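Written below as structure tokens is the structure these notes are about.
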Amino acid sequence: DGTVMHVSNTEEQLRAHLSETGGKVITRFPPEPNGYLHIGHCKAMFVDFGMAAQYDGHCFLRFDDTNPEAEKMEYIEHIQEIVGWMGWTPWKVTYSSDYFDQLYELALKLISSGHAYVCHQTADEIKDSRQERQPSPWRDRPVEESLRLFKDMKNGLVEEGAATLRMRMDHKNENYNMFDLIAYRVKFAPHPHAGDKWCIYPSYDYTHCIVDALENISHSLCTLEFESRRASYYWLLEVLGLYKPHVMEYSRLNLTHNVLSKRKLKALVDEGHVRGWDDPRMYTISGLRRRGYTPAAINTFIREMGITRSDNEVPVHRLEHHVRMDLDAASPRVMAVLRPLQVIITNLPDDHYEEVVAQRFPGRKGDTYKVPFSKIVYIEATDFREVDSKDYYGLAPGKAIMLRYAYPLQYVDHKKNDDGVVTQVMCTYDAEFHSAQKNKKPPKGVLNWVGQPAPGVRPMRIEARLYDVLFKDPSPSELRDAWRDGLNEASEETLKGAMGCPELRKAKVGDRFQFERLGYFCVDRDTSADVLVVNRTVTLRESFPK
Ligand code: ATP
Ligand code: MG
Ligand code: MG
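Numbering (the UniProt record's numbering), first residue to last: 256 to 801.
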């Protein structure tokens, strides 16, 4: 039972491999369909599809589907779709379960050559015997007996848990992963892809390397936690006489204030901490998509981070930086108000209506849209203070501000309700501002605002969803089993009274905008005829006027 630590293919194996591949780089992206993919998988895709693309090779999308209980058609369909959204095109889509017949035949071969045996130890017994480095009492049973029992397992004659097929490796090896790993388990569960044909299922350790060899993968790229399994990967291929791919490891991506594990993400969904896999607070790819992230921003983030072996927990703001850069270049500006405060312009007649011209992109002169300007307009409630101060550029008693693209407003008066909340501000506007007096300086503070689409008509309704990190703890995984304690109870704020200018009427689900001064927003699928629902992707770096 020698340990094989390096790749050594025979000349014959190499020749067969090259005749299949033409010498091309062949990789695979091998998700298990037991959940939705997260941003960590974007790194894996970048490595797998990216390396194939870089060397003019091919990359498989392979569903590593050997745990039928955890896997679902829903996940399979989603993964296929989201891989495409990220910009990758699989050369072929395959399933580990496509190879179940071959894997079974190879298991018979493995038993026959004395490299596997049927074992009756329970999971706990295996765990204990591993710790004590004690071999299974069934390790040296006759080959014929194992062959017969393994066939019984396949034919449904053995109960779940009563037997496993174990590889006869090197139980004295220092590497835990050489201790007679399990190759097959009995499981009376239907399979989402293979149907109800099987009641035994192969393990990851048994399957992954064999399917890599059968698919003629040239470079098998995986994350570092698999490094200690390299030995078993090569051991199995060696004893089966199969071609051995080149295995390379890279570090997993971790983001601060996040958990990136499908198991934990599923728990968040199942326990109702979020509204689903694509909740915009989740760093699943579908969550990021719904929030307004672009594949380009995600891929640029990963490229700049680099593919290395050093463990990295990347600050989440680095990802935000890239999406900001991408959205800055691509999203049209538009006027909206999140927490509206009514402003009455006292020197305008009730039925006044005009349209001012606003820029969709800074510096793109011809690209404009119209914003209605009326007697009643709305500014951000946070842009009014009852007490002015020197470094404050919003509206306050005695002060003037500029309505972006429109006119200066001069404070006159304001009203409060019984709770002391300011409900209305009265101002006068400077009608002459744009005409003769070119030497007039506009007020320093320039505010976003929304006017009425017609006199007396309320502006378009918007529901704005603002997000904070889902975990207030920077490294929730370090809390171990108590990772849920790191959750941020205030990760979402829903502003149902937000307003937008008529330009937003034609917005479609998935459209992205920069709401002036407020951040980047993406139209959510909860949008209805009555209300435009938007998710804030990310805030602007600078939140108050330049
Ligand atoms: P999870 O714990 O989230 O289920 P996994 O490793 O079991 O992760 P798979 O779907 O089996 O996920 O993985 C598909 C590929 O993506 C594997 O090559 C895996 O190593 C890689 N991968 C998963 N998570 C990350 C991550 N955070 N960073 C980089 N690669 C990852
Ligand atoms: Mg996995
Ligand atoms: Mg997993």
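Note that beta-carbon positions come from the ideal geometry of N, C-alpha and C, so glycine has one too. Keep in mind it's a predicted model, so treat the numbers as computed, not measured.
ask   = Taking the alpha-carbon positions, what's the K782 to G755 distance?
value = The amino acid occupying residue 782 in the given sequence is Thr; Lys does not appear at that position. Spanning the alpha carbons of T782 and G755 requires a straight line of approximately 14 Å.
message = Taking the beta carbon of G257 as the centre, do at least 16 other beta carbons fall within 10 Å, making it buried, or is it exposed?
response = Interpretation of G257 is limited by its pLDDT of 44, a score under 50 that renders its predicted location unreliable; the figure taken from the coordinates is listed afterwards. Counting Cβ neighbours within 10 Å, G257 comes out exposed, since fewer than 16 surround it.
ask   = For E797, which residues of its own chain have a beta-carbon under 7 Å away from its beta-carbon, when the five flanking residues on both sides are left out?
value = The predicted model places E797 with a pLDDT of 38, which falls under 50 and marks its position as unreliable, so this point remains unresolved.
request  = Spatial neighbours of V466 within its chain, please: CB distance less than 6 Å, with the 5 preceding and 5 following residues excluded, ordered by chain position.
outcome  = S351 and Y354
message = Between T265 and ligand 1, is there a pair consisting of the residue's CB and a ligand heavy atom that are separated by less than 6 Å?
response = no
request  = Confirm the yes/no value for this check: CB of C477, any heavy atom of ligand 1, distance under 6 Å.
outcome  = yes
request  = List the residues that DSSP assigns as beta-bridge partners of N790.
outcome  = R720 and C777
query = By a C-beta neighbour count over all protein chains shown, 10 Å radius and 16 as the cutoff for buried, is P663 buried or exposed?
reply = buried
ask   = Which residues share a DSSP beta bridge with F301?
value = F301 is not bridged by DSSP to any residue.
inquiry  = Between the alpha carbons of I631 and P595, how many angstroms are there, rounded?
reply    = Each residue's alpha carbon lies about 12 Å from the other.
ask   = Does the stretch 730-744 come within contact of the stretch 660-678, defined as at least 3 CB pairs closer than 8 Å?
value = no
Environment of T678 [buried if 16+ CB atoms lie within 10 Å] = exposed
ask   = Does DSSP classify E287 as helix, strand or coil?
value = coil
ask   = Could you check where the alpha helix (DSSP H) with R464 kicks off and where it finishes?
value = The question names Arg, but residue 464 is Cys in the sequence shown. Segment Y459 to L469, the alpha helix (DSSP H) holding C464.
request  = Tell me whether K517 counts as near ligand 1, meaning its Cβ is closer than 6 Å to at least one heavy atom of that ligand.
outcome  = Yes, Cβ of K517 sits closer than 6 Å to a heavy atom of ligand 1.
Three-state class that DSSP yields for C756 in the structure shown = coil
Check: L523 C-beta below 6 Å from any heavy atom of ligand 1 = Remark: the C-beta of L523 is outside contact range of ligand 1, defined as less than 6 Å to any heavy atom.
ask   = Since A651 contacts P698 with CB under 8 Å, what's their CB separation in whole angstroms?
value = Not a contact, Cβ separation roughly 11 Å.
key: Beta-carbon gap between L734 and W704 smaller than 7 Å   = no
CA-to-CA distance, T377 to Q386, given in whole angstroms = 14 Å
request  = Would you check if the distance between the CB atom of A371 and the CB atom of A468 is smaller than 7 Å?
outcome  = no
V677 - partner residues in DSSP beta bridges = K671
query = Can you list, in chain order, the stretches of the beta strand (DSSP E) that have 3 or more residues and sit fully within the stretch 390-473?
reply = You should have 419-422, 437-441 and 455-457.
query = Considering only C-alpha positions, which residue in the set A753, K671 and M590 is nearest to R772?
reply = M590
ask   = Leaving out five residues before and five after K695 in sequence, what residues of the same chain have Cβ atoms less than 7 Å from its Cβ?
value = F688
query = When you compare only the Cα positions, how much space is there between V676 and A636?
reply = Between V676 and A636, the C-alpha separation is close to 10 Å.
request  = On a CA-only basis, which of T511, C464 and I331 is nearest Y489? Give me that one, please.
outcome  = C464
request  = Could you please give me the residues that DSSP links to P663 through a beta bridge?
outcome  = M657
request  = May I ask you to check if the CB of R507 is nearer than 6 Å to at least one heavy atom of ligand 1?
outcome  = yes
ask   = Cβ atoms of Y291 and T478: under 7 Å apart, would you say?
value = Y291 is positioned such that its CB atom lies no closer than 7 Å to that of T478.
key: P288 versus S263 - alpha carbon distance   = 32 Å
key: Residues near S473 in its chain [Cβ-Cβ closer than 8 Å; skip 5 each side]   = H272, T276, K279, V280, I281, T282, G312, P500 and H501
ask   = Would you say I562 and V302 are within 7 Å of each other, going by their C-beta atoms?
value = At the C-beta level, I562 and V302 come within 7 Å of one another.
inquiry  = Bridge partners for K625 per DSSP, in chain order?
reply    = Within the DSSP bridge table, the entry for K625 names V612 as partners.
key: Among Y633, L491 and G653, the one whose alpha carbon lies nearest that of V642   = G653
ask   = Do A299 and ligand 1 come close, with the Cβ less than 6 Å from some heavy atom?
value = yes
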